[in-house]
Each structure stands twice: as structure tokens, then as C-alpha cells.
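Some notes on the structure that comes next.
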Amino acid sequence: MTVDPITLEVVRNGCAAVAEEMNATLVRTAYSPNVMERRDCSCALFDAEGEMINQAETLPVHLGAMPFSVAAALERFPPEKLAPGDGIMLNDPFAGGAHLPDLTLVTPVFDADGELLGICANRAHHADVGGATAGSVGATATEIYQEGIRLPPVKLVANDTLDPDLLGVVLANVRTPDERRGDLRAQQAANATGRRRFRELTDRVGVDTARAAFDAIMDYSERRMRSAIADFPDGTYTFTDHIDDDGRGNEDLPIAVAVEIIDDRVIVDFEGSAPQTGGPLNAVFAVTASATYYAIRCLTDPDIPPNAGCYRPIEIETPSASIVDAKPPAAVVGGNLEVSQRITDAILGAIGDVLPERSIAACQGTMNNLTFGGTDPRTDRPYAFYETEAGGFGGRATGDGLDGVHVHMTNTMNTPVEILETAYPLRVEQYGFRPDSGGPGRHRGGLGIRRDLTIRDHDATVSLLGERRRTPPYGIAGGESGSTGEDYLISDGNLEAVSPKSTHVLSAGTTVSIRTPGGGGYGDPLERELAAIRQDLELEKVSIEHARRAYGYDVD
Amino acid sequence: MSPQDRRIGVDVGGTFTDVVTVRDGLVAVTKVPSTPGDPATAVHDGVATAVDPDAPIVPLAHGTTVATNALLEGTWAEAALVTTDGFRDVLEIGRQHRPELYNLAQERPAPIVPRSRRLTVAERLDERGDPLEPLTDDEIATVATRIREIDPEAVAVSLLFSFEDDEHERRLVAGLRDHGVSVPISRSSTIHPEIREYERSVTTAVNAALQPVVSTYLDRLTDRLADHVSGITMMQSNGGIASAAYLAGRPVHAILSGPAAGVEGALYTARSLGISDVITMDMGGTSCDVALAADGEATISTEVQVGPYPVAVPMIDVHTIGAGGGSIAWLDAGDALRVGPRSAGAEPGPICYGRGGTDPTVTDAQAVLGRLDPTRIATGDAVTGESLANAVAEPLSAVDDDPDTVARGILTVADAAMARAIRVVSVERGHDPRGFALVAFGGAGPLHAPSIARTVGIPRVVIPPYAGVLSALGLLVADRVLDRSTSHVRPLADVDPEAVEDRCRAFEVETRKILTAEGVSADRISTSRTLDLRYLGQAYEVQVPAPSPIDAPAVTACADRFHDAHEQQYGHATRTESIELVTIRVRTVATVDPPSLVHTGGTDHVDDAVRTTRSVVFDERHPTPVYEREQLPVDGCLDGPAIVEGLGSTTVIPPGQRGIVHDTGALVVEVEP
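Sequence lines, in order, name chains X and H.
Under the numbering used here, the first residue of the first sequence is numbered 162, with each subsequent residue one higher.
Under the numbering used here, the first residue of the second sequence is numbered 11, with each subsequent residue one higher.
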């Protein structure tokens, strides 16, 4: 059955509207600041075979990994074991998940005859899922058992109702059960909305037409993706970047990649990457795939409608039990947050080495995860506060890198200073750019930022999980590296450098100072236009000393 | 004749400046070409044409895009910004997210105040507004000197937690004046005293950067209109009118002036039909503005973005998409049919205008299908018939060989985009469109609304009289409104009711004073209070109305209302959970007596209003009567297919739908009669 181009456009717009409406419902009804204020969540639609039709464009690290969740859910619960009103929840990184804080709800949609029509799925990062550290983003875990509660695909929802027994198990294993219940309800509401709208759409155009349209939508993206890939010269492009360390003293762990382009398809092979590590810096295959899909989409045409068709021309090979394909019982929380960023850097670097104008210098390459936990002396209530920090975007052929943004696999928002100080017993001392941190180049890398937080009137446990403190974000086409990140504790005027992967119990008055990496530069710094150097000086993004040293600026 | 009967409404659009006068319920319309270089010229010409030179001087209500255009075109003034030490870059970092996910070449809009004009002062308040570090006179003197060196056109001041205590900001502004800073100064504790430092700073900085632009325009306008007009008022983004003098100091409240006037006009039309739940759709040449009103009140949001910056003042929640009559249809790299956002604009315009346009547009598709008569709208030698059909179909031949099929495709795609916009303002905000009426206006709205309504499931469409100039009419029917707010973040259990009452009363006294000084009689003024509450730890607030005066029982009543509202909006409430107060709001309203519309003219029978019959394509070709709107009789009934041609707009009633003429002149289309 062929679908005329107009019906196709209607179904495509309709699917996009369903996914966006699911996301709006999730953000509006969620209970935690992490979902509502930072929007750490994603939604997507799938056909009856589990192929992704559309996604609401939110966080890249979620989007490429969700198809694995749907596949795992369908494997455990094939259509004959599912009924309208069911919902499958999972977070197990070794059974369709990415890392434990991300809980994914997979909801089947049936047509009037009881045939499986498609799937609605959403993923939300829960601010605590138990485990050894408050906030469940610790740098010190050595096994997944320390990272929180682990859910293989389970039928959490039946008859549109949360199973009270299963819910009880989940809530008994987390530090903030009320907030979790609220967020889970929001996830359920989002998929209920999606299910209703999906049915309305398919009823409107007819089920057979809809199914044919889904196929055509994916074929269309595949066609465009293939033609974009064919645009690259055939060949094998290699690059090796490094994870600083696994938090347990093992340093410079390689992420090696060979990107082979054969006509209109691409094979990405991670042979030569480090074996899986003893710390939580391990990516499961779903995360590696997600980062790979992200990087290829960036290199091709970002306007290609995002669905399973985009991924068909991409083949991924990984060494088993490695840092890019971890096996149980590896700890994995930093795989999703940090290894995913380095995988992206490696793929973009492989192309950037040879065809720099089509790629980008390294962005900050880390999420700078920061968690505070303790008891608020103003209310005597326990709190857990999690945030991630922006940094420099890489220089590109088209211009300088953006200053102070989230890069590549994440795009969450910050917590406003005034909200933070009102809600938590912390004080933000400063929040601003790090001048001179952008990698020198014809197009300068973006600036990292500095954020200083002081603990007020209580003792707090602080966890850091950051990267790019040893190996700086690389420059390309003759551009230089951006500055590495730095982390300090300040107390009584003393500055003490600390590991970016560490947990501390700190007393009142201690300041945690995070300085995030700058982006790499693009092109020879000596070719930077004088006007651009002068503007950086005027904006005080570059000091006169740095301008002389890095750019050969010799005018006063 | 009461003063309301002698007012003028002037709406400045991109192509035309519309002037509407109302006398004894009779509406007179004047359209003059806009003068984008100096909009005041067109306003003057329009007013001079519309009013009798011997008539007494009358008040004028104005809808203007001066502030909007300054934001969209980047022609704002150079401002400086003063913030708390350590937070110079908040304005540039924003909320730290990048605008696009996958685009390696993406850019972020440059900050409205560049880093070189962002200054800091040593001072700091805590979250209760208590000083952690004082603001010294030396600091003020130092920053004043720097500002005089920079010599900006305006200054914005935004210090941390100034909404809790504005003393530092007040002293800073007074100090800058004492040290000879004479340009306009906007301070965050008056412009937007609410929590979240980035949103407050950008709102204050936008206000500062717009102030010189808007003041200059208003000065010139007042000058030019002195012979005809006494006192100018303007539409604000919140749908209320305020004096021009007031808005000169708060131009950030005028950035949705034009669209807000349209929504007010649509609500007024709906009210006169006894309809209170409406979705409004204003479709012009380049874009389509969609908004929603439940229970007669337009949805107000503080998250509407106009141009590059998120401005956090209350605005009618207008959702704009790039689909208008002039939107161009094209094929993308995968040969899929797309419409917009590129527009043929007024020059050269659609192909059928005959002014050299070659790109097929939505208007051309309407003309090919016979729904629109190009000879009525063409500004040049209208292109019609087969030559138009071929010109539309040729660039899109990959879709189909048949021009009718291509044209229907263009409309289906455009309608789908608009249907999606309607879903954004309705279902995504928790409203079921099946309970709403669609009020369609603007040049192209009535052409599309009935078919879109069927797609979305809206049962009824209202085409207002004067659908082509509804924004200008809206200016004459809107109340005067002044909004005030301040954040006061406390667990509700710790709130001192007297402190809240004091703040509310101070706002009420201030706003009443402004209105009475402008000549509004006190008995027309009323005030209302709202509290923004949330569960402790939540990120989004729910607004609940608050009684007056606010005392301990009133606070308890608000808590109960909050639980109820939360349950209604989000499906659950936790009555044992602690509640937090976030923001206190006061709205002061002065009502106007709107003119009452009557449909004059009209024939005895609908058949007498038929101007011609032509062949029009729907699912197939139908011989279709074309009615003169002004000739339709009250209660006349038009069974689709039918075309109704009126002043500045054409309505299409598809087969199976039915139009009824209301005694106000509104045309009500029943989608499933």
C-alpha cells in the first residue's frame, strides 16, 4: 500500500504532535524539580515492531537509547501477554536501560480489534533511586548493586493503575518516596495521553494507512540519511580519545573508534577501547549506540526527521565487556553521563581530523555532575540536590564555540540561584565565565564557567563526577585545546584541589568551586581576525596576556 | 453621546494601518497603507481621514508593533546592566541550554546587553532579603563613574533577591541620578519583582533597551496627532489598555500589543454571542496567531517568547506559527510537500496578485480551487484560471500532475500545521477543543477555519463582523488593566498575613492613583488578588484567587483552594503536604462600556445576497454560490458549500457545514449541523 505525500505529511505532523504532547504532560505533572525545572526527561512513539516513529527532541542521551528499552519490554512481554491499560517499567542497564536513575515506561497501544498498533514510551531521570550515595550519581561504586534499585522489565501498570505491591517495593528502596510516586504518576499520565492521541490519529486516517505511513516515514528518513552519508568520501576514519580515569586510580582509558564509510552506510567500530573499568565509568551498549546515533546525526543533516530509519544505515561494533559495552555486574552511572560524551568526541574527532569543516572541535565533554546531601538546618528535613554544569562548545568552521552551554548528550537547564538558595541550605558565591578557557583558534572554543557553592550552617555530603580534568578538549584544523576543568574546596581562605570523582563530608562554610572545561579551538590561532581578538578583549573573555601568548596579538 | 462612543482604535500592522471609529454602535473602518519607516505617519493619515475635522477632539486607543519590531529586528537601544558582584554573566549564560540539539553550526542570540556593558556592585541579600553584605556609597560612586564613561542610552539594575527588599536597588538608582546619570533607568524591583534572577534580569534589560525606542515613537505620535486626539492609550500584552505615558516607562508590557488587541476583539465578539470558551485564530499574510480563552478570560502566561529573549511579564498566551496566506509551498530534499515558514510577503506577494510572484503560496492554492477570487485581492494584474493553475502546479509536479490535487495538498499541509498550533494552546494546556468555539479573523483566517475546526473536532466557528480589522476594534472594547506582582517565598505556615496584606494594599493604592490621575472615575476601578502557591519542593506554581483582606482565615482558605486546584489541574492533591507561597499578584481593572454591534443593511432572503455562482473544489468540484457578506439577512442560513465575501476577508463553508448570520453580523458556522 502506498501513501500519498499529503497523508504522509499529516501523519508525520500528527506523530510529532503526539510525542510533544506527551512531553508537555510529563513536565507539567511531574513532582521533582529535576523533571519540572531541569526537564531531564524524554518521550517517543514506536510502531508495533518497536521501531521508533518519532521523538520529542529533548535529551540526546535518552533518545537513541529508548528503542532498546522498547525492545527489552517487548521481548519480556510479547503482544499476546499485553492488554490495553498495561505499562512496562524498567531501568536495568543490562535489560534495556541506560543507568539506574533513568526509569522508562513502555505502554502498548491497541487498535479497535485488539491488534498491537504501536508503543508510547517515556524516560525520566529520578533524583534518587537508592544505592550507596544520595542522588544515586556517585563516583565510587564498583558494582551495579551499589547504584540503586534495579528493575528489569516489570508490569508496573495494569488496567491503567499502578500495581501497589510493585510500587511499594520501588518506594521502599529510595530516599524520597513521595517525590518518586509523583514522578511515576506523571510518567503514567504522559503515556495515557500519548495512547489516546495515537489512537485518534490512526482512527482518523485508518489503521492500514497509518501503518503504511509509519513505514514510509521511516523509509523517508533512511533515504535522506543514506544520501547524507554518501556525501562523505568512502574510507576509514580513526580517532582515539581518553576517559581521564575510572575513579579508582586507573587513568587514560582509551575510547578508540574506526568510522568506516562505504557508499551510503557507515560502520562504527570501537575495537581498541578499554576493557570495562572497576569504577562507574562504563557504558552499556544502548548508551554507546545512543552516542553514536547522536554524532552521526550531527555530521549529516539535523533536519532529517528523527526515527528508526535514520539509524538503519549505521552499524555499531563493540568489544564485549568493554568500557563501551559493559556487562554485569559493572557499575554504569557514569557511562550514561560521561562515557557517552567521550564516544561522541571520538566519532566527531575521527571525521574532524580529515574533514574539519564538517565537524567541530571538542566541546567540554563532561556534564560536571554535582550532588549535595544533608539535613537542612532551617527545616530539619533531609535534602538531596543534583545539578550539572555548562561549559564550552567547540569552535566550528562557521564560528566561535558557544560560551557556557550544555553540550552534546545533555541539554538540561540550570537551577536559578534564587530558587537554589531558597530551597536548599547552600549559597552561590559566583556564577560566570572562565576567561581564557576557550581553546585558541581561528574560531575560539567556547568558555567554561565557574560556579562556587558554599555549605550553610550544617555538614553536607558532596559528590563530584566530572571528566576532562586530565585530557583537554581537543582543537581541530590547527586549533588548540580548551582548558581542562578544575575542582577545589575552599575553607578559611585555603584553596585545596580535589579529585573530580570523589565524595566528601564537608563542614559549614566550606565552598565547592567547580571550573568547567572550555571548548577546543578551530583553525590556526594566528589566523584569527584582529577584530575578533579585539572584541574578546573588550568583552574580557580573553586577557591581554592570553591574547599575546595564544594569538600573537602585539597591538596595545 | 458618551465618551466611549467617540473613540478611535488604530492598529498598525505590517501592511495596513487600520482605523476604526464607533458612533452609536455603528462602526466605520478606514485602511491606509502602513509606513514602516515611520509608523506615526500612517497613524496620522488614517486618523485625519477617519475623523471629521470639525468633530471634537477624541481619545485614541493604539495597538502598535513598535516594541515588537525593535525586538525582532534588533533595533533596540544600547543599555548598561548593573548586577550583584559574581553574577555578571547570568544574563548571557541564561538557563545554560543550547537552542538546538543536533546542529553543530547553531548560534545563540547575543545577549541584549554585551559583557562590556555589564557592571557589578559589591552587595548581597539572602533569600529573606536580609543583607549579607551592605551596598556602600563608594560602590555606588564607582559604578556611576563607569556608567558615565560607557555613556549608554539606558540603564537596567537587577540585584539578587531585590524582590524581597528593594532598598539596595532604590539607593543605587538614586545614587546614579545624584552622580549625573540622566538616561532612563529600569530597576528589576519595579519592572518584574519575581524570583529567578535570569528571567528578572532579561526582562528588566529588555525594558531598558526598549525605553528610548518606544518613548521616541510615542512623543512623535502625540505631537503629530495633537490636532485630533486628546490622550493616547495603548494595548498591553496582557490584553488590557494602559496610558501611553505609563507604557513609555514600561515598554516591555507592550511587546504583544497587536496580537493582544485581536484576541480582545475576538473575545468581545464571542461574548456578544454568549460564548465564553473560545480559541482565537488570526491568520494574516505571513503568520497565524492562535490563543485560547476559557470562561471568557484569555490564557495569560509569563513564558511567552517574542524575538530572541524570554520576557517574563504576563502576556496573552499567543502561539505563533509561520503559516499565512503568503506562505510558500515547496518540496524538501526528500520530495515531501512543505508549507512555510518562508512567505511571499506583500511584495511580490502570491502569484495570483500579479506583481511578479513566482512561488506558489497558500493564497494561490485557494484561488486555484475557486475559493478565493484573485481579482478582488490582487494588487497588480490578477493571474487567474489555467495560467495560475499551471504556475502553482509546475514547481510541485513531484506531488501530482493535477493542479487541483496539488492545491488541495498545499491546503491540507497548511491546515495540519494550524491544527497542531490549536492543539498546543488547548490539549497541551489541558483543554479539550471539542468544548470550544473557533473565532477566526485576519485576512486568511475565515478561509481556513471551518476545515481546521473539523480536523481538530471543534463544533462551531465564529467569523466576527469586521474580521479584517478586528484588532482595531479590540482596542475599543478592552478594559484598562494594571498588573502588579512580587515574589515572597515562604512556607505558607510561616507567612505573616499582615505582610502580604500590606504588599497587596500598597499595589492597590499605587495603581488606583495612576488610573485616577489619568481621569478614570473611581467607581469604575476594581482590584483582585492572586497568590501563586505550590507544594514545597515543586517547581511550578498554581494561581489561586485570594480574599481581601488577607488574614489568617484567608490564608487557610487559599490553602484549600490550592489543593482543589492542584487536584483539578494535575489529577492529584496531597492535603497533608506543606505548601509554599511564591508570588503575590494584584490586578487593577477599570471597565469601559463597549459599543454594541448591530448588523445593518441586509436583504430579505439569503438568495438575494448571492453575487454569483462559481465552481469550487472541495472533495470534488461543486457549483457554489458566492454571497456578499454585507447583504446577508440576520438569521439567514447558508448550507455549504458556500463562499461569503466580505470586507477584507472571505469565508469558506465546506459541504456539510452550515452558516447562520447572527444579529451582530457575526457568521456562525456549525461544523456538524
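We put the CB at the ideal spot given by N, CA and C, even for glycine.
- Note on A692 of chain X: under 16 other CB atoms within 10 angstroms of its CB, so exposed under the neighbour-count rule.
- Considered as a whole, the segment 326-370 of chain H harbours 329-331, 337-341, 347-353 as its complete beta strand (DSSP E) runs of no fewer than 3 residues, in chain order.
- Measuring C-alpha to C-alpha distances from H54 of chain H to each of H:T85, H:V37, H:D21 identifies H:D21 as the nearest.
- Bounds of the beta strand (DSSP E) holding K662 of chain X are 662-667.
- At a cut-off of 8 Å between C-beta atoms, L614 of chain X does not count as an interface residue with respect to chain H.
- Partner residues in the beta bridge of I589 of chain H, as assigned by DSSP, are H:Y545.
- The bridge partners DSSP lists for H72 of chain H are H:V20, H:M244.
- By the Cβ test, the segment 425-445 of chain X is not in contact with the segment 206-217 of chain X, since fewer than three Cβ pairs between them sit closer than 8 Å.
- No Cβ-Cβ contact shorter than 8 Å links A408 of chain H with P370 of chain H.
- At a cut-off of 8 Å, the C-beta of P124 of chain H has a neighbouring C-beta in chain X.
- Counting every other CB atom within 10 Å of its CB across the protein chains shown gives Q525 of chain X a total of 16 or more, marking it as buried.
- Within the segment 546-567 of chain X, those residues whose Cβ lies closer than 9 Å to any Cβ of chain H are, in chain order, T549, E550, A551, F554, G555, R557, A558, T559, G560, L563, D564, G565, V566, H567.
- Contact with chain H is found for Y381 of chain X, since one of that chain's Cβ atoms lies less than 8 Å from the residue's Cβ.
- Residue environment analysis places N443 of chain X among the buried positions, since at least 16 neighbouring C-beta atoms fall within 10 angstroms of its C-beta.
- T438 of chain X is positioned such that its CB atom lies no closer than 8 Å to that of A417 of chain X.
- Between the segment 89-96 of chain H and the segment 208-219 of chain H, the count of C-beta pairs closer than 8 Å reaches three or more; the two stretches touch.
- DSSP, read as helix, strand or coil, puts D424 of chain X in coil.
- For I653 of chain H, the enclosing beta strand (DSSP E) covers residues 652-656.
- Boundaries of the beta strand (DSSP E) harbouring Y544 of chain X: 542-548, taken from the DSSP string.
- Contacts with chain H (Cβ-Cβ distance below 8 Å) from the segment 692-716 of chain X involve E699, L700, E701, K702, listed in chain order.
- Under the Cβ distance rule, R430 of chain H counts among the residues neighbouring chain X, one pair being separated by less than 8 Å.
- Of all residues in the segment 666-695 of chain X, none places a beta-carbon less than 8 Å from a beta-carbon of chain H.
- For C524 of chain X, there is no enclosing beta strand (DSSP E), as DSSP gives it neither H nor E.
- In summary, I705 of chain X is exposed, with fewer than 16 beta-carbon neighbours lying within 10 Å of its beta-carbon over all protein chains present.
- Secondary structure at Q307 of chain X: helix, using DSSP grouped into helix, strand and coil.
- In summary, N655 of chain X is exposed, with fewer than 16 beta-carbon neighbours lying within 10 Å of its beta-carbon over all protein chains present.
- A residue is called buried when at least 16 other Cβ atoms come within 10 angstroms of its Cβ; M428 of chain H meets this threshold and is buried.
- Against chain X, a Cβ distance below 8 Å from R433 of chain H picks out A178, E182.
- About 17 Å separates the beta carbons of A488 of chain H and I265 of chain H, which is beyond the 8 Å limit, so they are not a contact pair.
- Exposed is the label assigned to Y306 of chain X, since fewer than 16 other Cβ atoms lie within 10 Å of its Cβ.
- For Y683 of chain X, the three-state secondary structure derived from DSSP is strand.
- The criterion of a C-beta distance shorter than 8 Å is not satisfied by V493 of chain X and A226 of chain X.
- X:E579 is the residue among X:L625, X:S644, X:E579 whose C-alpha sits nearest the C-alpha of D136 of chain H.
- Within the same chain, Cβ atoms closer than 6 Å to the Cβ of E647 of chain X are found at R676, the five residues on either side in sequence being excluded.
- Under the three-state reduction of DSSP output, P633 of chain H falls in the strand class.
- Just measuring C-alpha positions, the residue of H:L546, H:D533, H:V499 sitting nearest T593 of chain H is H:V499.
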